[in-house]
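Notes follow once the structure below has been shown.
As structure tokens, this is what we get:
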């Protein structure tokens, strides 16, 4: 029996999970929720994590009914992610590892998602669509903003600034994985630097999309009320998608359409979802055709989106393939996924020595040498 | 299954044709049309997409494919002849290149002793892509499966054909051409392991043939670098 | 595609049993006209007839305009191969079926479809017959059983019928290259017929 404890804190969630041979014994988590219309800043997120991490750790051990002596390995998120929260999490992991005298193991966040997805769904070697809806934490990216404005009533102007990072997804062959970073982000400060101007300066006129539980969830809810399909730019190149066209389109044309009441903010959320997801399903299908794969696994926060699951399901049905979608408790960042990936790696003989136990904000999935799978 | 317009004579015809393969976005059939061996590419409706989006995309891609084929032929780049297009069922009737193999299969079946032949093929691909890019045509989905070779030794340039122009578009930007080559590089190296040298031959031949290759290759290097940086995400 | 070879001597035999021959080469050596079935429209047969030394082109043209000839009259000098006519006819029938013809009748649509451009009057000028023409290619679209309109055409054309497969002897290659704007580099990757067919098939999206 191998018991691994995993610490995840690469974004606004802090989680500790314990896994014993494919069984999740505990998986408590806390989310740093910022006020509506605001993103999360690294330092404030780290502060939040520092405040609750020990409580979460205690919960994890209690729920699992284990003592530190029962643990075989301490896994933590090495990256990618936001610097300050990663440091906080790694610091705690390093400390417990030394206190308990257990080996330490740094884990790639994405691989955590993938291994957790495989564990939960029992999919063997699926094409994995990793969609990170929350924050992608790559600081040098172009930060275009999407503004969806609408007059819902005379007094209220809905201003949703969805932020979709323009970034090409990577197709990672050893995992058959497409990693697509999508980030709906609200108006206001951005998590990884706060360099965007605050536009919430006139709160009376601004209805913000709430961060609770996540902007993506709220966009999904708004989209359900949308009826009219507005055509948005659709760009697929090979197995890559590009979101830049959508960004500039919504900034310019859609703004006018809302002004002249040709469509509502709900319509735009609906169209945004329809377009983005169609692109994602299309590249997933291409990847499947490319690898002759008959299984799809969606992981990452947006994997919870029912419309995406529905669309992916339809595509799979047409191809005679199987879709695995992990549920909310595992789609969203959590400790157990780090523990699970750690469990696989630990069993394959991986450990991270103390001097190597650093973190990195940038960590490519295909930089990880996979030795634990055939 | 797709909601088929059963009254459509084209779809009716396809039912008696031989289904060659079902790709991600189209079914490919083989049959005889007006007495000629013909391949039909049917872009069937994708039920997962919003119907409006689906119709627009499918139509646009059919049109784009047809346009690009014509553009290639006018420039002297070998592509299959278009016989007939049905814009209601989104079917393109194309010349069947009888006896051809995909470059993918050709490379995979080649023995080590045929390394010289592979180099010839790589050079030829480079030349053709250079010609295509000089026409400001970007293929959008370059893979070795999207290139056909007429069998037989001593084949001239006309014996290598490009197919599948569904994602192609017109652009003079070196960036777009660079990405085009990058897409091919990724597909090439993942389909054919340990062929870095062969792909290098292809690029060299591209550089030598294209008038504007310098800026394109520079962009390709940039895109490669960016691909590395950009994918470092969680 | 199936070719029906018919000669007057054989006609009795054919009414009893059609002889379907995959390749036309065997019979067409002594066949004047060419009848072919379309895969997409099995209910129709396309018959092509070719005449030279035609003396009544003016009358024929007038008759066609008045709708007294149920056939398309084409200037053979712009034709490379009977396949070209087949492609145009198939497209015309298709557009008729989906209600998207650009011209008034099936026969005018066939002529229009031969043209590389979307200009209707230009198409008739270049591909229809004119009063001074001495050769004409007639295209008939009919149900299988119908034989009558072929006799009708034969009675109306004052000229010598020759085999449709001799069409290339009447084609004006230089004119065709100019009309379809075929460049020398294009001919490197295919035949003149390929170039012509491609333009006809793709002109809707120009």
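Protein chains in written order, with full-length UniProt numbering: chain A, 1 to 374; chain B, 1 to 234; chain C, 1 to 206. We treat Cβ as the ideally placed atom computed from N, Cα and C, and that holds for glycine. Computed from a prediction, not measured in an experiment: that's the story for all the values here.
Please classify residue i: does DSSP put it in a helix, a strand, or coil?
| i | result |
| --- | --- |
| residue 21 of chain B | strand |
| residue 269 of chain A | helix |
| residue 80 of chain C | coil |
| residue 96 of chain B | coil |
| residue 242 of chain B | Summary: the structure shown does not reach residue 242 of chain B, with chain B confined to residues 1 through 234, and so no result is reported for it. |
| residue 25 of chain C | Since pLDDT at residue 25 of chain C reaches only 35, below the 50 mark, its modelled position is unreliable, and no value is offered. |
| residue 65 of chain B | helix |
| residue 189 of chain C | coil |
| residue 87 of chain B | coil |
| residue 221 of chain A | helix |
| residue 26 of chain A | strand |
| residue 38 of chain C | coil |
| residue 29 of chain B | strand |
| residue 325 of chain A | strand |
| residue 160 of chain C | strand |
| residue 59 of chain B | helix |
| residue 214 of chain B | helix |
| residue 153 of chain A | Annotation note: pLDDT 21 at residue 153 of chain A (below 50); position unreliable, coordinate value reported separately. Three-state result, residue 153 of chain A: coil. |
| residue 140 of chain C | strand |
| residue 102 of chain B | strand |
| residue 236 of chain A | strand |
| residue 99 of chain C | coil |
| residue 281 of chain A | helix |
| residue 352 of chain A | strand |
| residue 128 of chain C | strand |
| residue 183 of chain A | Caution applies to residue 183 of chain A, whose pLDDT of 44 falls short of 50 and renders its modelled position unreliable; the model cannot decide the point. |
| residue 85 of chain C | helix |
| residue 222 of chain B | helix |
| residue 230 of chain A | coil |
| residue 42 of chain B | strand |
| residue 82 of chain B | strand |
| residue 135 of chain C | coil |
Could you name the residues of chain B that residue i contacts, counting a contact when the two beta carbons are closer than 9 Å?
| i | result |
| --- | --- |
| residue 278 of chain A | 46, 48, 49, 50, 53, 54 and 57 |
| residue 45 of chain A | Chain B residues near residue 45 of chain A: none, gap ~14 Å exceeds 9 Å. |
Taking C-beta pairs closer than 7 Å, name the residues in chain C that residue i reaches, listed in chain order.
| i | result |
| --- | --- |
| residue 240 of chain B | Outside the displayed span of chain B (1 to 234) sits residue 240 of chain B, for which this structure offers no information. |
| residue 78 of chain B | 189 |
| residue 66 of chain B | 202 and 205 |
| residue 81 of chain B | 190, 194, 197 and 198 |
| residue 63 of chain B | 205 |
How far does the alpha helix (DSSP H) with residue i in it extend, from its first residue to its last?
| i | result |
| --- | --- |
| residue 338 of chain A | 335-347 |
| residue 10 of chain B | 9-15 |
| residue 107 of chain C | 106-114 |
| residue 17 of chain A | No alpha helix (DSSP H) holds residue 17 of chain A; the beta strand (DSSP E) holding it covers 13-20. |
| residue 78 of chain B | Where residue 78 of chain B is concerned, there is no enclosing alpha helix (DSSP H), given that its DSSP letter is neither H nor E. |
| residue 62 of chain C | 57-65 |
| residue 176 of chain C | 173-179 |
So which residues on chain B does residue i lean against when the C-beta distance must stay under 8 Å?
| i | result |
| --- | --- |
| residue 314 of chain A | 47 and 48 |
| residue 8 of chain A | Neighbours of residue 8 of chain A on chain B: none; closest Cβ ~11 Å, over 8 Å. |
| residue 274 of chain A | 49, 50 and 53 |
Can you pull the chain B residues whose beta carbon is under 7 Å from the beta carbon of residue i, in chain order?
| i | result |
| --- | --- |
| residue 286 of chain A | 24 |
| residue 40 of chain C | 9, 10 and 13 |
Regarding residue i and the ligand ADP, is the C-beta to nearest heavy atom distance less than 7 Å?
| i | result |
| --- | --- |
| residue 62 of chain B | Of ligands this structure carries none, so the ligand ADP is not represented either. |
From what residue to what residue does the beta strand (DSSP E) around residue i run?
| i | result |
| --- | --- |
| residue 51 of chain C | 44-52 |
| residue 307 of chain A | Unbroken run through residue 307 of chain A is the alpha helix (DSSP H), 306-319; no beta strand (DSSP E). |
| residue 7 of chain A | 3-8 |
| residue 252 of chain C | Here chain C covers residues 1 to 206 and nothing more, so residue 252 of chain C does not appear. |
| residue 295 of chain A | 295-299 |
In chain C, what lies closer than 8 Å to residue i by C-beta?
| i | result |
| --- | --- |
| residue 84 of chain B | 87, 90, 91, 94 and 201 |
| residue 88 of chain B | 98 |
| residue 70 of chain B | 198, 199 and 202 |
Any beta strand (DSSP E) of 3 or more consecutive residues that is wholly inside the region 118-199 of chain B: 147-150 and 160-162
Residues in the region 20-43 of chain B having any Cβ partner in chain A nearer than 7 Å: 23 and 24
Chain B contacts from the region 193-204 of chain C (Cβ-Cβ distance under 8 Å): 194, 195, 197, 198, 199, 201, 202 and 204
Contact residues within the region 157-170 of chain B, judged by C-beta distance below 8 Å to chain A: 167
Residues of the region 82-114 of chain C whose Cβ lies closer than 8 Å to any Cβ of chain B, in chain order: 83, 86, 87, 90, 91, 94, 97 and 98
Every unbroken alpha helix (DSSP H) within the UniProt domain "Gcp-like" (29-131) of chain A, with a cutoff of 4 residues, ordered by chain: 42-64, 83-100 and 109-121
Contacting positions in the region 113-145 of chain B - beta carbon closer than 7 Å to chain C: none
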